[in-house]
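Position 233, counted from 1, in the sequence shown is what our numbering calls 238; the numbers after and before it change by one each time, with no gaps.
Ideal Cβ positions, reconstructed from N, Cα and C, are used throughout, including at glycine.
Worksheet for the structure shown next.
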Amino acid sequence: MSASASAVRKRKRRNPILPYLLILPTFFFVAMFTAWPTLLAFYQSFFRQRLNIAKFREPTFIGLGNYATLFNDPRFLLVLKNTLIYVLVTAPISIVLGFLFALLINRAIKGIGLARLAFFQPTILPMVSAATIWMFFFTPDYGLWNTFLQRFGYSGPQNWTGNPDLALIAIMIVTIWKNAGYYMIFYLAGLQSLPTDVYEAATLDGASWWQMLWQITFPLLRRTTLFVSTIAFIGAFQMVDHIFVLTKGGPSRASTVLLYYLWQMRFENQDVGKASAITIILIIFLLIFTVTNFALSERKEEETHA
């Protein structure tokens, strides 16, 4: 046994608790701000408690009553529908645009830094600031959005944030505009780390641009796509700031999503039980997506190496 190996073993025996001390701060914060609130919400979801009603102020055990009430409530079902539409539209479109932006600016040409800054600039803005800008864009009479659409023959000024058929679309437009540049950065980093010799060999073999994109770039960026898709879908469930500014969930809950409804239930209605039940439902959605996303990605990875 070498002297260095012996020294390492002695050091390990001398500090057996050092690894645990190093992870202790992380464990503390995860336990205090993730595990404990989740367990508390799970516990409170089995009780009826309304802080603004005297006779319901004390928690009363009702089992699955809060969940049954929510899933029998047409308003909550509408919120679930809005949330799924919002997530399934904004996340994929933002990811695709982020990837296309990355392809576009992954070039060594003069002035490319300004182009990268232009695409990334919306990400720098706080969501409240971005929503305030778009509130001016969506103004019915003289807003830039209606003016832009009229150039293409779109008739009449539309009240985007006040129309039940357009309010959720307006919210999704702001989200996509805000997030596409953020996901672009990850794809740009992934593209710049790809081996160039693979593309040189493909070019010598006569591969087209589309063949290199589909058969080389996409497979090599699978891990990047897994990461980006995970944060995109989780972020879509958590995005709520612009709703406060643009629509406040209206009109007639047409733009209310799950997290905003949770805020209304907890802080406006002060219904602790239902708010806790909504929290658990939201966590279940996130867990289902995350586990499914990782499982499908690992399955594709195994099929690729098989």
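DSSP-derived helix/strand/coil call for residue i
i, result
"Phe153", "helix"
"Arg53", "strand"
"Asp210", "coil"
"Phe66", "strand"
"Asp146", "coil"
"Met6", "Because Met6 sits at a pLDDT of 49, beneath the cut-off of 50, its placement in the model cannot be relied upon, and the following sentence gives the value as read from the coordinates. Reduced to three states, the DSSP call for Met6 is coil."
"Asp170", "coil"
"Phe299", "helix"
Nearest-angstrom beta carbon gap, residue j and residue i [assumed within contact, 8 Å]
i, j, result
"Gln275", "Leu56", "4 Å"
"Leu193", "Ile110", "7 Å"
"Leu251", "Met140", "6 Å"
"Ser99", "Asn151", "Not really, about 23 Å apart at Cβ, beyond 8 Å."
Of the listed residues the options, nearest to residue i (C-alpha basis)
i, options, result
"Arg80", "Phe124, Phe290, Phe47 and Gln269", "Gln269"
"Ile221", "Leu209, Thr235, Tyr204 and Ile90", "Tyr204"
"Phe51", "Gly70, Thr39 and Phe33", "Gly70"
"Ile174", "Phe33, Val35, Val277 and Gly254", "Gly254"
"Ala207", "Trp219, Leu108 and Val94", "Trp219"
"Val179", "Ser260, Phe104, Leu105 and Thr229", "Ser260"
"Ala241", "Glu273, Ile90, Val101 and Gly68", "Ile90"
"Lys279", "Phe33, Gln49, Thr43 and Thr166", "Gln49"
"His247", "Ala237, Val262 and Phe34", "Val262"
"Ile289", "Phe299, Thr43 and Gln155", "Thr43"
"Asn168", "Gly116, Thr229 and Arg258", "Arg258"
"Gln243", "Leu264, Arg227 and Gly195", "Leu264"
Own chain residues within Cβ distance below 6 Å of residue i, not counting five before or after
i, result
"Leu292", "none"
"Tyr266", "Val84"
"Met189", "Gly103, Phe106, Ala107 and Phe124"
"Phe294", "Phe238"
"Leu199", "Leu225"
"Ala96", "Ala237, Phe238 and Ala241"
"Thr166", "Phe143, Ala172, Ala175, Leu251 and Thr252"
"Leu45", "none"
"Pro64", "Phe52 and Gln54"
Residue-level contact to chain C via CB, residue i, 8 Å cutoff
i, result
"Phe223", "Any reference to chain C falls outside this structure, which holds one protein chain only."
Endpoints, alpha helix (DSSP H) assigned at residue i
i, result
"Leu27", "Leu23 to Val35"
"Gln126", "Ile117 to Ile129"
"Thr137", "Met132 to Phe142"
"Asp78", "Per DSSP, Asp78 belongs to no alpha helix (DSSP H) and is neither H nor E."
"Phe238", "Arg227 to Gln243"
"Thr248", "The residue asked about is misnamed: residue 248 is Ile in this sequence, not Thr. Start and end: Asp246 to Leu251."
"Trp165", "That residue, Trp165, is in no alpha helix (DSSP H); it is neither H nor E in DSSP."
"Leu263", "Leu263 to Trp268"
Own chain partners of residue i with C-beta closer than 8 Å, once the 5 adjacent residues on each side are dropped
i, result
"Leu119", "none"
"Gln126", "Gly186"
"Phe47", "Ser281 and Ile285"
"Thr137", "Val250"
"Ser271", "For clarity, residue 271 is Arg in the given sequence; the question names Ser instead. Val277 and Ala280."
"Gly68", "Phe51"
"Met6", "Bear in mind that the predicted position of Met6 carries a pLDDT of just 49, short of 50, making it unreliable; the figure below should be weighed with that in mind. So the list is empty, once near-sequence residues are dropped."
"Val133", "Asp246, His247, Phe249 and Val250"
"Val233", "Ile100, Gly103, Tyr188, Phe191 and Tyr192"
Cβ neighbours of residue i in the same chain (closer than 7 Å, five flanking residues each side left out)
i, result
"Ile129", "none"
Cβ-heavy atom distance, residue i to the ligand MN, below 7 Å
i, result
"Ala46", "Of the ligands one can find in the structure shown there are none, so the ligand MN has no counterpart to examine."
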